[in-house]
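K.L.:
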DNA sequence: GGCAAATAATTCAACCGTTGAACAAATCGC
DNA sequence: GCGATTTGTTCAACGGTTGAATTATTTGCC
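Protein chains in written order, with the working numbering: chain A, 1 to 389; chain B, 390 to 778.
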C-alpha cells in the first residue's frame with residue numbers, strides 16, 4: 001500500500017504468483033479452468049501464465065483426473081517435484097540438522113548430527129554445517145532438484161543481515177554467519193521464528209494467527225499474525241523467556257528478576273523434577289510420578305501466565321507448544337489453558353486453542369527449508385527471470 | 390500477496406493512491422515532475438493521474454513556489470481543503486466528542502460535551518452522539534466539506550461489524566452501534582486503537598512500530614506494527630489492563646488476580662495517592678508531595694513490568710503514554726523506562742523510546758476522523774468512482 | 001456408430017494503462 | 001533577445017488482460 005509504483009510487468013508478476021499459489025493450495029490438481037474460476041482471471045490469461053510457469057519448471061501437467069459428466073478432460077496442474085528446492089539448516093545446542101524441501105512442500109532429504117555444539121565455537125560449527133549443506137546439495141541434485149537458497153535456524157537473536165548478535169546458550173556473540181557460506185546465499189533467522197513458519201504451513205486449515213512457543217534451554221516465541229511471521233520492528237521479537245512472571249522472583253541470567261525462563265525453562269523444570277533430561281521427564285510423567293507432575297504443573301502455570309498476557313494483548317487464535325514442550329504438552333497444556341481461561345477476558349466467547357506442535361523437533365529446519373520455497377511460490381517471476389547460474 | 394487478481398484497472402487504482410500519498414506526505418507542495426521522480430513513474434503517467442485526482446476534487450493546484458534557476462515554474466499540488474472530510478466521534482465515560490478532519494489532515498471542527506455517560510444508557514448516549522454528528526456535518530458543509538464517513542471510538546471491545554460486545558466502564562454489553570446511525574455509515578472501533586492511529590499520523594517521522602497505552606479507568610493499548618494498526622485475529626487485541634503483573638496479586642473485577650489495572654489503573658492510582666482526580670494528582674505531583682510521587686512511581690513500575698513484557702515480545706520502537714497517563718508522564722516515565730532497561734535484553738543496543746502522547750486527550754477522536762480520510766488517501770479510486778449521493 | 005451437448009484449452013482482435021520521445025510552455029541568465 | 005533549463009502535454013508503441021470465437025476431447029443418447 002505504501003509501496004512503489006506498479007507497472008505492467010508487476011501485473012504479470014503478481015498474477016504468476018497468484019496462479020502458482022492456487023495450484024499449491026488446491027486439494028486436488030486443478031485445471032487451468034479451475035484456476036481461472038477461483039481467481040476470477042480469464043481462462044486465456046491463466047493459460048498464458050501457466051505456460052510461463054511450466055516453461056520455467058515450476059508447474060507440471062499431470063494426467064487428467066477422471067471426472068463425471070461430459071466434456072474434454074482437464075489437465076491437472078501440480079507444483080513441479082523436480083524444480084527448485086529449499087535447503088533448511090539448524091544449529092542448536094545439542095545437534096545440527098539439515099533438510100531439503102521441494103516446491104510442493106514435501107521433505108526430500110533429512111539429516112541430523114547429534115553432538116554438543118558448545119565446545120567447538122562458531123568457526124568449527126559453521127564448517128560442519130557447511131558440510132551438511134554440501135551433503136544435502138549433492139543429495140538434492142541426484143534427485144534432480146536445484147537448490148534455490150538456504151535458511152539457517154539459530155537459537156539466538158539475529159540481525160536482518162544474518163549476524164548472530166547473541167546466542168546465549170551457544171555462547172555466541174556477533175557471529176557473521178552468511179560470510180561463512182561463500183557459495184550459497186543463506187538467510188539466517190531465529191529458531192522460533194522459522195519453527196513458527198513451519199507450523200504455519202504444516203497443514204492446511206491451521207490458524208492464521210498464533211503464538212509458537214519454543215521451549216529449549218531458553219524460551220523463544222514465533223509470532224504469526226494474519227498468516228505472516230512478525231519479526232518485530234528491528235528483528236528482535238519473541239523474547240518470551242524474559243517476560244516477567246513475578247517481578248520480584250528469582251534473578252535471571254539476563255539481569256532481571258522473575259523471568260518466565262526461571263519458572264518454565266528446560267533447566268528449571270529438570271531441576272524441580274530432579275530429572276536428567278526431557279525424555280526422562282516424559283517417561284516419569286507418564287508413570288504418574290507426583291514430583292514430576294507437580295514440576296510440570298508449576299511450569300505450565302508460569303507459562304500460562306505469560307502466554308495469557310500475550311493473548312490479551314495480541315488476540316491470537318492459538319498457542320502452539322513447541323520444542324521440548326511438544327512431548328510434554330499433555331501435562332503442560334491443562335495449566336496453560338486454565339490460566340488463559342481465567343485471565344483472558346475474551347476467552348469466554350473466543351476461546352484460544354492450546355495444542356502441541358505438529359512438526360515437533362523438526363519444526364525449525366522444515367520451516368527454514370519451507371521459507372525458501374515459499375519465497376519462490378510468492379514471487380515466481382524472480383525465479384523465472386533469474387540469471388542462469 | 391495472498392490477495393485477488395490484478396487487472397489493468399488495479400494498476401491505476403494503486404498508482405492513484407501512490408500519487409496522492411506523495412502529495413500528502415511531501416514537505417512542500419510537490420510538482421508533477423517531483424512526484425514522477427519520487428515514484429519512478431513517468432511524468433506522462435503522473436500527469437494523467439493528477440488530472441483524475443484534480444477532477445475528483447482530491448488535489449488542488451497552488452501557485453508556483455518560487456524556485457532558483459531557470460525553467461518553467463512548477464505548479465504545486467496539495468490535498469484539497471474542500472473535498473471529502475472525515476468525521477470522528479468518541480464516547481467516553483465522562484464526555485462525548487466530535488471532530489472533523491479534512492483530507493490534508495487538519496482539524497476543521499471540534500466539539501466536546503462533558504457529562505457522565507453512565508446513567509443514560511446506550512440509547513440516550515447514541516442519540517446524543519448522533520446529534521453531535523449532525524452538528525458536525527452542518528458545520529462541515531458550511532465550510533464546503535463533504536463528509537466521506539465517520540468513525541466512532543468506544544472504550545470497549547468492538548466486533549468487526551461495529552457491535553460493542555463489552556464496555557465495562559460504560560456498563561454496555563452487545564450494543565449494535567451502526568444500527569443507531571441510519572444515515573451515515575459509521576465504523577466503530579476501540580478507543581485505544583483509534584488513538585494509536587491518531588498518534589501514528591500526528592507528526593511525520595514518528596516511529597512505525599509502537600505501543601500506545603491508553604490509561605483511563607481501564608487500561609487499553611493500541612498496537613501499531615510497521616505503520617499498520619494491528620487489531621488482533623478477531624479484533625480483540627490490546628487488553629493490556631489484564632496482563633498479570635503479580636499472578637497472586639489482588640483480585641480484579643475481570644475475575645483474575647494481579648492484573649495491571651489493579652496497580653496502574655486510574656482508580657488504583659487515585660486511591661493510593663488519596664487524590665480526587667487526575668488534575669488534582671498532577672498538581673500535587675508538581676508540588677512534590679511524597680505520597681503522590683510514591684503512588685505514581687509504584688504505578689509506573691507496574692506499568693513498566695507489563696510494557697517490558699510487550700517490548701520483549703514485539704520489539705516495538707516506542708511506547709506512547711496516552712489518556713490520563715499523558716499529563717502524568719513526567720512521573721510515570723522514569724519508572725517505565727527503568728523497567729524496560731532492566732528487563733529487555735535488546736534494549737542495550739536498540740533502546741526503546743518512552744514518551745507522552747502528542748495529541749493528549751484528543752488522540753482518539755482525531756485518530757477516528759483521520760482514519761476516515763486515510764482510507765480515501767489510500768484508495769482514492771473508490772472515492773472517485775463513488776455513486777453520486 | 002453417429003451426433004449433440006458439454007467442458008477444456010487456445011487464438012486473436014480489442015482495450016487499457018504505462019512508457020518514452022518529441023514537443024510546447026514558461027522562466028532565468030547573460 | 002536568445003539559449004539554457006525545467007515543466008507539463010501529446011502521441012505512437014508496448015505489454016498484459018479481456019472476451020468472444022474456435023478448436024480439442026470427452027460423455028451420453030438415439
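Each residue gets a CB set at the ideal place from its N, CA and C atoms; glycine is no exception.
Below 6 angstroms CB to CB, which residues in the same chain sit around residue 194 of chain A once its five sequence neighbours on both sides are set aside?
P.N.:
153, 364, 367, 368.
K.L.:
State yes or no: is the beta carbon of residue 416 of chain B nearer than 8 angstroms to at least one beta carbon in chain A?
P.N.:
Taking Cβ atoms only, chain A never reaches closer than 8 angstroms to residue 416 of chain B, which makes this a no.
K.L.:
Buried or exposed: where does residue 172 of chain A fall if 16 or more other Cβ atoms within 10 Å of its Cβ makes it buried?
P.N.:
The residue in question, residue 172 of chain A, is buried, as its Cβ has 16 or more Cβ neighbours within 10 Å.
K.L.:
State the start and end residues of the unbroken alpha helix (DSSP H) segment that holds residue 340 of chain A.
P.N.:
Segment 325–343, the alpha helix (DSSP H) holding residue 340 of chain A.
K.L.:
In whole angstroms, give me the CA-to-CA distance for residue 478 of chain B and residue 760 of chain B.
P.N.:
Their Cα atoms are separated by approximately 11 angstroms.
K.L.:
Is residue 204 of chain A close to chain B, meaning its C-beta is less than 8 angstroms from at least one C-beta of that chain?
P.N.:
Output row for residue 204 of chain A: interface = no.
K.L.:
Say whether chain B places a C-beta atom closer than 8 angstroms to the C-beta of residue 316 of chain A.
P.N.:
So, interface residue.
K.L.:
So with CB distances below 7 angstroms, who are the chain B contacts of residue 242 of chain A?
P.N.:
Result: 701, 732, 734.
K.L.:
Quick check on DSSP: helix, strand or coil for residue 135 of chain A?
P.N.:
Correct three-state label for residue 135 of chain A: helix.
K.L.:
Expressed to the nearest angstrom, what Euclidean distance is found between the alpha-carbon atoms of residue 742 of chain B and residue 634 of chain B?
P.N.:
Approximately 22 angstroms between the Cα atoms of the pair.
K.L.:
For residue 84 of chain A, which beta-bridge partners are listed by DSSP?
P.N.:
According to DSSP, which records beta bridges pairwise, residue 84 of chain A is partnered with A:146.
K.L.:
Using three-state DSSP, classify residue 176 of chain A as helix, strand or coil.
P.N.:
Note: residue 176 of chain A maps to strand in three-state DSSP.
K.L.:
Starting from residue 380 of chain A, trace the alpha helix (DSSP H) both ways and give me its first and last residue.
P.N.:
380–384 is the extent of the alpha helix (DSSP H) around residue 380 of chain A.
K.L.:
For residue 604 of chain B, which beta-bridge partners are listed by DSSP?
P.N.:
Beta-bridge pairing links residue 604 of chain B to B:608, B:712.
K.L.:
Would a check of beta-carbon distances place residue 778 of chain B closer than 8 angstroms to chain A?
P.N.:
Note that residue 778 of chain B scores a pLDDT of 46, beneath 50, so its modelled location is shaky; the value from the coordinates is reported in the next line. No, residue 778 of chain B does not count as interfacial toward chain A.
K.L.:
For the alpha helix (DSSP H) that contains residue 39 of chain A, what are its first and last residues?
P.N.:
It spans 32–39 - the alpha helix (DSSP H) in which residue 39 of chain A sits, taken as one unbroken run.
K.L.:
Would you call the CB atoms of residue 87 of chain A and residue 150 of chain A closer than 8 angstroms?
P.N.:
Cβ distance < 8 angstroms, so residue 87 of chain A and residue 150 of chain A count as in contact.
K.L.:
Can you list, in chain order, the residues of its chain whose CB lies under 6 angstroms from that of residue 389 of chain A, leaving out five sequence neighbours each side?
P.N.:
In this prediction, residue 389 of chain A has a pLDDT of 45, which is less than 50 and means its spatial position is unreliable; what the coordinates show is noted afterwards. For residue 389 of chain A, where only same-chain residues beyond five positions count, there are no Cβ hits under 6 angstroms.
K.L.:
Using a Cβ cut-off of 9 angstroms, which residues of the region 28–58 of chain A contact any Cβ in chain B, in chain order?
P.N.:
Answer in chain order: 39, 40, 41, 45.
K.L.:
Below 7 angstroms CB to CB, which residues in the same chain sit around residue 629 of chain B once its five sequence neighbours on both sides are set aside?
P.N.:
Taken in chain order, the residues that qualify are 602, 608, 609, 610, 649, 695.
K.L.:
Per DSSP, which residues does residue 210 of chain A bridge with? Please list them.
P.N.:
BP columns for residue 210 of chain A point to A:224, A:318.
K.L.:
Are the C-beta of residue 577 of chain B and some C-beta of chain A separated by less than 8 angstroms?
P.N.:
Not closer than 8 angstroms to any Cβ of chain A, the Cβ of residue 577 of chain B fails to qualify, so no.
K.L.:
Going by DSSP, what residue range makes up the alpha helix (DSSP H) through residue 234 of chain A?
P.N.:
Counting along the chain, residue 234 of chain A falls outside any alpha helix (DSSP H), and DSSP gives it neither H nor E.
K.L.:
Helix or strand or just coil, what does DSSP make of residue 590 of chain B?
P.N.:
In this structure, residue 590 of chain B counts as coil in the three-state DSSP scheme.
K.L.:
When you compare only the Cα positions, how much space is there between residue 185 of chain A and residue 26 of chain A?
P.N.:
Answer to the nearest angstrom: the Cα atoms are 31 angstroms apart.
K.L.:
Please classify residue 13 of chain A as buried or exposed, where buried requires at least 16 neighbouring CB atoms within 10 angstroms.
P.N.:
Classification of residue 13 of chain A: buried, given that the 10 Å Cβ count is 16 or more.
K.L.:
Look up residue 95 of chain A in the DSSP assignment and give the residues it is bridged to.
P.N.:
DSSP output for residue 95 of chain A lists A:92, A:114 as bridge partner(s).
K.L.:
Suppose the cutoff is 6 angstroms on Cβ atoms and the five residues either side in sequence are ignored; what does the same chain contact list for residue 692 of chain B look like?
P.N.:
653, 725.
K.L.:
Indicate whether residue 100 of chain A and residue 115 of chain A have their beta-carbon atoms separated by less than 8 angstroms.
P.N.:
Going by C-beta atoms, residue 100 of chain A is not nearer than 8 angstroms to residue 115 of chain A.
K.L.:
Please classify residue 633 of chain B: does DSSP put it in a helix, a strand, or coil?
P.N.:
In this structure, residue 633 of chain B counts as strand in the three-state DSSP scheme.
K.L.:
Give the interface partners of residue 11 of chain A over in chain B, defined as CB-CB distance under 9 angstroms, in chain order.
P.N.:
Those are 395, 396, 397, 399, 400, listed as they occur along chain B.
K.L.:
Counting contacts by CB-CB distance shorter than 8 angstroms, is residue 639 of chain B in contact with chain A?
P.N.:
So, not an interface residue.
K.L.:
State the beta-bridge partners of residue 353 of chain A as determined by DSSP.
P.N.:
Note: residue 353 of chain A sits in a beta bridge opposite A:318.
K.L.:
Where does residue 391 of chain A fall in DSSP's three states?
P.N.:
The question about residue 391 of chain A has no answer, for chain A in this structure spans 1 to 389.
K.L.:
Is the separation between the beta-carbon of residue 497 of chain B and that of residue 532 of chain B shorter than 8 angstroms?
P.N.:
Yes, they are a contact pair.
K.L.:
Among the candidates A:382, A:384, A:378, whose CA atom is the shortest distance from the CA of residue 18 of chain A?
P.N.:
Closest option to residue 18 of chain A, Cα to Cα, is A:378.
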